[in-house]
Amino acid sequence: MLTFIINRMMTLAISLVVASLVIFTTIELIPGDPAAFMLGLNAEPETVAALRQELGLNGHPVERYWRWVTGMITGDFGRSYTYQVPVADLVMARLGVSLPLTVMALILTIAIALPVGMMAASKRNKPADWGVMGMTQLGIAIPNFWFAMILVLVFAIQLQWFSAGGFPGWDEGLGAGLKALVLPAIALALPQASILARVMRSAMIDVLAQDYIRTARAKGLSERQVLLRHGLRNALIPVVTILGLQFSFLIAGAIIIENVFFLPGLGRLVFQAITQRDLIVVESVVMLLVFSVIIVTFFVDLTYAWIDPRLRHSRLNKGVWS
Amino acid sequence: MMDQSPQMPPAQMPLALKLGMILTVLMAVMALISIVWTPYAVDQLNIQARLQPPFQAAHWLGTDHFGRDLLSMVMMGAQVSIAVAMVAVGIGMAVGVPLGLTAAALQGTRFDDVIMRGNDLAFAFPALVIAILITAILGPSAFNAIIAIGIFNIPVFARVARGGALTQWQLDYILAARVAGKSKTRISIEHILPNISTVLIVQGSIQFSLGILAEAGLSYVGLGAQPPIPSWGRMLAESQTMISFAPHLAIIPGVAIIITVLGLNLMGDGLRDWLDPKLTHRSRQNHRHMTERGEG
Numbered sequence: 000m001l002t003f004i005i006n007r008m009m010t011l012a013i014s015l016v017v018a019s020l021v022i023f024t025t026i027e028l029i030p031g032d033p034a035a036f037m038l039g040l041n042a043e044p045e046t047v048a049a050l051r052q053e054l055g056l057n058g059h060p061v062e063r064y065w066r067w068v069t070g071m072i073t074g075d076f077g078r079s080y081t082y083q084v085p086v087a088d089l090v091m092a093r094l095g096v097s098l099p100l101t102v103m104a105l106i107l108t109i110a111i112a113l114p115v116g117m118m119a120a121s122k123r124n125k126p127a128d129w130g131v132m133g134m135t136q137l138g139i140a141i142p143n144f145w146f147a148m149i150l151v152l153v154f155a156i157q158l159q160w161f162s163a164g165g166f167p168g169w170d171e172g173l174g175a176g177l178k179a180l181v182l183p184a185i186a187l188a189l190p191q192a193s194i195l196a197r198v199m200r201s202a203m204i205d206v207l208a209q210d211y212i213r214t215a216r217a218k219g220l221s222e223r224q225v226l227l228r229h230g231l232r233n234a235l236i237p238v239v240t241i242l243g244l245q246f247s248f249l250i251a252g253a254i255i256i257e258n259v260f261f262l263p264g265l266g267r268l269v270f271q272a273i274t275q276r277d278l279i280v281v282e283s284v285v286m287l288l289v290f291s292v293i294i295v296t297f298f299v300d301l302t303y304a305w306i307d308p309r310l311r312h313s314r315l316n317k318g319v320w321s
Numbered sequence: 000m001m002d003q004s005p006q007m008p009p010a011q012m013p014l015a016l017k018l019g020m021i022l023t024v025l026m027a028v029m030a031l032i033s034i035v036w037t038p039y040a041v042d043q044l045n046i047q048a049r050l051q052p053p054f055q056a057a058h059w060l061g062t063d064h065f066g067r068d069l070l071s072m073v074m075m076g077a078q079v080s081i082a083v084a085m086v087a088v089g090i091g092m093a094v095g096v097p098l099g100l101t102a103a104a105l106q107g108t109r110f111d112d113v114i115m116r117g118n119d120l121a122f123a124f125p126a127l128v129i130a131i132l133i134t135a136i137l138g139p140s141a142f143n144a145i146i147a148i149g150i151f152n153i154p155v156f157a158r159v160a161r162g163g164a165l166t167q168w169q170l171d172y173i174l175a176a177r178v179a180g181k182s183k184t185r186i187s188i189e190h191i192l193p194n195i196s197t198v199l200i201v202q203g204s205i206q207f208s209l210g211i212l213a214e215a216g217l218s219y220v221g222l223g224a225q226p227p228i229p230s231w232g233r234m235l236a237e238s239q240t241m242i243s244f245a246p247h248l249a250i251i252p253g254v255a256i257i258i259t260v261l262g263l264n265l266m267g268d269g270l271r272d273w274l275d276p277k278l279t280h281r282s283r284q285n286h287r288h289m290t291e292r293g294e295g
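Structure, rendered in structure tokens:
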């Protein structure tokens, strides 16, 4: 397992370096002077020169890349041009909304998908199964931001159970903060739960056809015991794989959903930064988003190697990037 | 002896395929008609007739806050969404499939390794993140949305093409072609490509539906088509502040997106069932969910 972990960590490190190079180079591709780009057409040459100095744009690109990367490692993301505060402070404050939102959506996705998928598999080709398949097909087709708007219409405007948007801050109490994230998390979770429920169903159907399940039934275990004790763990490998992939959907989805609910998270921050041409913020937030996807992929790899020890060896044999 | 007998699709089309085709054709026809005709011009303002509810004789789907005809805007929106998603799928296929075929033909070499590494890395960049990067440099436009979704499609098609091609390279008929002296390039184009076309078409329909969702998401946050070009995503964004007194402004474009995506998804699933009956249920599900990536 140790060799496997080292192997995966090498993959992780290479991925992060290449991702940072891609992001840095893309921002470097801006035609002309980034400082002039950020200040707009009417900027005085002196102001542009001062900003170039402030942003450290006068150095060689390799030197700037090195400064940017080493800065990020030490928690120094640079200084936001528009907010005039360190980007790290901005990002930390916004993570306080985006991270709980993504985690809540992930928990909801699992909480909905696993029981629904298992139920559909155990009632295969019966009305309950058809209902689940139909609903999940619809759930995959619904844009999450549209679903978010419908949730606002029903639960915030008509029933007035939740607020239509905004975030009171964690200072107002855990309950108030979590309540503000309920509708956004549901909107984010719906399409992902639909996909995951279908994966769970098909994985479970395969597992239920195995001989050891027949043996478990033959020795008198109840259907519930068969499903939970013997079916679930074996069906989890494809489920965990998809769940890991879904994390990037949740991150991308959260960027949009934050805009629907006017939540002060990373998504709002990056769009404001694009409008204000604050490239330092855009660069750092994008790197953070990509970093989190790569990190989650790493942990997913470790998780399913833990679930199925055979994978440790088979994946290891295929080399670092397989 | 060839170990791959040609398989004809069953005579009976699956219900999902029929339903998917009906919905897809409906939206495609609407988009095509909008090229030559819409009930009203999409930039025709009529403040006196603003916020009309649906099912009126003059405006079947009602009007927006400027009195613009919603049916006309939905029709034009279909044109934009379908065009963006279709070109993005085209980019993904045009770049991804040759990459995947080459990687498979050179399996185990450094080229294959680099392609697969690039693929793994590309999956860490959701379409929205690519769009954010591109927009930060070039500004928002439908063209940049196409590029973002297209780039995002490339690794998907490369992976699917490589996976399909690797299976084909194991088969006897390919060995026969090699013995006959055909080059790897000719084998890839003349034998492998036709034999993986089914899986590519199916993946194309999935990426098409994801492209529609991604385009709507990008337009919603202002990174897609810019005014005066109508788009479903921006119609939803504009409706947000009026949802309490004019919910039809949000419901109608949303339903248009759902019908299109549902149609394409059903068509993709149905096509897979119909064209490739060898696939087991599990592998169908996993194939779909392992390869499809990223909305928005």
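These protein sequences, in sequence, are chains F and A.
Under numbering that gives the first Met the number 0, think of the first position of the first sequence as 0, with each following residue one higher.
Under numbering that gives the first Met the number 0, think of the first position of the second sequence as 0, with each following residue one higher.
Built from N, CA and C at the ideal position, the CB exists for glycine as well.
Because the structure is a prediction, the values reported are computed rather than measured.
*Bridge partners of T62 (chain A), per DSSP?*
Translated into the one-based positions of the second sequence, residue 62 (chain A) becomes position 63. Paired residue(s): A:D68.
_Interface residues of the region 110 to 127 of chain A facing chain F [CB-CB below 8 Å]_ = D112, M115, R116, D119, L120, F122, A123, F124, P125, A126 and L127
*N6 (chain F) at chain A interface by Cβ criterion, 8 Å*: In the first sequence, residue 6 (chain F) corresponds to position 7, counting from 1. No, N6 (chain F) does not count as interfacial toward chain A.
*So is W129 (chain F) buried or exposed if we call it buried at 16+ other beta carbons inside 10 Å?*
Position 130 of the first sequence holds residue 129 (chain F). Per the 10 Å Cβ criterion, exposed.
*Could you name the residues of chain A that I306 (chain F) contacts, counting a contact when the two beta carbons are closer than 7 Å?*
Working through the first sequence from its first residue, we reach residue 306 (chain F) at position 307. The contacting residues do not exist; I306 (chain F) stays about 16 Å from chain A at best.
*DSSP on P226 (chain A), reduced to helix/strand/coil?*
Within the second sequence, numbered from 1, the residue matching residue 226 (chain A) stands at position 227. Coil, per DSSP.
*Any C-beta of chain F sitting closer than 8 Å to the C-beta of S243 (chain A)?*
Stepping through the second sequence from its first residue, residue 243 (chain A) is reached at position 244. Yes, contact with chain F.
*Residues that N258 (chain F) contacts on chain A, provided the C-beta gap is smaller than 7 Å*: Counting from 1 along the first sequence, the entry for residue 258 (chain F) is found at position 259. The answer, in chain order, is V220.
*Starting from Q245 (chain F), trace the alpha helix (DSSP H) both ways and give me its first and last residue.*
Counting from 1 along the first sequence, the entry for residue 245 (chain F) is found at position 246. Unbroken alpha helix (DSSP H) run through Q245 (chain F): L231 to V259.
_Closest by C-alpha distance to W59 (chain A), when choosing among A:S208, A:L18 and A:Y39_ = Within the second sequence, numbered from 1, the residue matching residue 59 (chain A) stands at position 60. Of the candidates A:S208, A:L18 and A:Y39, the one whose C-alpha sits nearest the C-alpha of W59 (chain A) is A:Y39.
*Have a look at A:I133, A:G138, A:P252 and A:G162 and flag the residue whose alpha-carbon is nearest the alpha-carbon of G149 (chain A).*
Your numbering for residue 149 (chain A) matches position 150 in the second sequence. Answer by Cα proximity: A:I133.
_At least 3 beta-carbon pairs within less than 8 Å: the region 206 to 217 of chain F vs the region 227 to 239 of chain F_ = yes
_Would A102 (chain A) and I114 (chain A) be called neighbours here (beta carbons separated by less than 8 Å)?_
Start at 1 with the first residue of the second sequence, and residue 102 (chain A) comes out as number 103. Start at 1 with the first residue of the second sequence, and residue 114 (chain A) comes out as number 115. Yes, Cβ-Cβ distance for A102 (chain A) and I114 (chain A) is below 8 Å.
*Which partner residues of R185 (chain A) appear in the DSSP bridge assignment?*
What you label residue 185 (chain A) is simply residue 186 of the second sequence in a count that begins at 1. DSSP lists no partner for R185 (chain A).
_I257 (chain A) versus A:A15, A:P139 and A:I211, residue with shortest Cα-Cα distance_ = Position 258 of the second sequence, counted from the start, is the residue given in the question as residue 257 (chain A). Looking at A:A15, A:P139 and A:I211, the one whose alpha-carbon comes closest to that of I257 (chain A) is A:I211.
*G266 (chain F) burial status per 10 Å Cβ neighbour count (16 or more: buried)*: The count along the first sequence starts at 1 and reaches residue 266 (chain F) at position 267. Burial check for G266 (chain F): the Cβ neighbour count within 10 Å reaches 16 or more, so the residue is buried.
*asked:* Closer than 7 Å between beta carbons: that is the criterion. Which residues of the region 242 to 264 of chain A meet it against chain F?
replied: I242, S243, P246, A249, G253, I256, I257, V260, L261 and N264
*asked:* Give me the DSSP bridge partner(s) of R78 (chain F).
replied: Counting from one through the first sequence, the residue named residue 78 (chain F) turns up at place 79. Paired residues: F:P85.
*asked:* Across the region 154 to 164 of chain A and the region 130 to 145 of chain A, are there enough close Cβ pairs to call them in contact, namely three or more that are closer than 8 Å?
replied: Short answer: they don't touch.
*asked:* Between the alpha carbons of R109 (chain A) and R116 (chain A), how many angstroms are there, rounded?
replied: Position 110 of the second sequence, counting from 1, holds the residue named residue 109 (chain A). Position 117 of the second sequence, counting from 1, holds the residue named residue 116 (chain A). Going by the C-alpha atoms only, they are around 10 Å apart.
_Distance, L249 (chain F) Cα to V151 (chain F) Cα_ = Position 152 of the first sequence holds residue 151 (chain F). Position 250 of the first sequence holds residue 249 (chain F). For V151 (chain F) and L249 (chain F), the distance between alpha carbons rounds to 19 Å.
*In angstroms with no decimal places, state the Cα-to-Cα distance between S14 (chain F) and F124 (chain A).*
Here residue 14 (chain F) refers to the residue found at position 15 when the first sequence is read from its first residue. Here residue 124 (chain A) refers to the residue found at position 125 when the second sequence is read from its first residue. If you take the alpha carbons of S14 (chain F) and F124 (chain A), they lie about 12 Å apart.
_M37 (chain F) and D277 (chain F) - do their beta-carbons sit closer together than 8 Å?_
The residue labelled residue 277 (chain F) in the question sits at position 278 within the first sequence. The residue labelled residue 37 (chain F) in the question sits at position 38 within the first sequence. Going by C-beta atoms, D277 (chain F) is nearer than 8 Å to M37 (chain F).
*Inter-residue CB distance, N143 (chain F) and G252 (chain F) (contact presumed, cutoff 8 Å)*: What you label residue 143 (chain F) is simply residue 144 of the first sequence in a count that begins at 1. What you label residue 252 (chain F) is simply residue 253 of the first sequence in a count that begins at 1. Going by Cβ atoms, the distance from N143 (chain F) to G252 (chain F) rounds to 5 Å, so yes, they are a contact pair.
*Beta-carbon of Q239 (chain A) versus every beta-carbon of chain F: anything under 8 Å?*
Indexing the second sequence from 1 puts residue 239 (chain A) at position 240. Yes, Q239 (chain A) lies at the interface with chain F (some Cβ there is under 8 Å from its Cβ).
_Taking only three categories from DSSP, how would you classify Y211 (chain F)?_
What you label residue 211 (chain F) is simply residue 212 of the first sequence in a count that begins at 1. Y211 (chain F) falls in the helix class under three-state DSSP.
_Counting only beta-carbon separations shorter than 8 Å, does S14 (chain F) have a partner in chain A?_
Locating residue 14 (chain F) in the first sequence gives position 15, counting from the first residue. Cβ-Cβ to chain A under 8 Å: yes for S14 (chain F).
_Neighbouring residues, chain F, relative to T296 (chain A) (Cβ below 7 Å)_ = Residue 296 (chain A) lies beyond the range of chain A shown here (0 to 295); nothing can be said about it.
*Are G76 (chain A) and A249 (chain A) close, meaning C-beta to C-beta below 8 Å?*
Position 77 of the second sequence, counting from 1, holds the residue named residue 76 (chain A). Position 250 of the second sequence, counting from 1, holds the residue named residue 249 (chain A). No. Outside cutoff.
*Span of the alpha helix (DSSP H), counted from its first residue to its last, around S19 (chain F)*: Locating residue 19 (chain F) in the first sequence gives position 20, counting from the first residue. Here the alpha helix (DSSP H) through S19 (chain F) covers L1 to E27.
*Below 7 Å CB to CB, which residues in the same chain sit around A202 (chain F) once its five sequence neighbours on both sides are set aside?*
Along the first sequence, read from residue 1 onward, the residue named residue 202 (chain F) stands at position 203. These residues qualify, in order along the chain: A234, P237 and V238.
*Fully enclosed by the region 87 to 135 of chain F, which alpha helix (DSSP H) runs are 4 residues long or longer?*
DSSP runs (the alpha helix (DSSP H)) wholly in the region 87 to 135 of chain F: none.
*Would you kindly check if the distance between the Cβ of A104 (chain A) and the Cβ of K183 (chain A) is under 8 Å?*
Position 184 of the second sequence holds residue 183 (chain A). Position 105 of the second sequence holds residue 104 (chain A). Cβ distance < 8 Å, so K183 (chain A) and A104 (chain A) count as in contact.
*Determine the extent of the alpha helix (DSSP H) in which E62 (chain F) is found, giving its start and end residues.*
Numbered from 1 along the first sequence, position 63 holds the residue referred to as residue 62 (chain F). Here the alpha helix (DSSP H) through E62 (chain F) covers P60 to I72.
*Give the C-beta separation of A358 (chain F) and L195 (chain F) to the nearest angstrom, bearing in mind that I take them to be a contact with Cβ-Cβ under 8 Å.*
Chain F is shown only over 0 to 321; residue 358 (chain F) falls outside these bounds and no answer can be derived.
_Members of the region 127 to 149 of chain F near chain A, C-beta cut-off 9 Å_ = Q136, L137, I139, A140, I141, P142, N143, F144, W145, F146, M148 and I149
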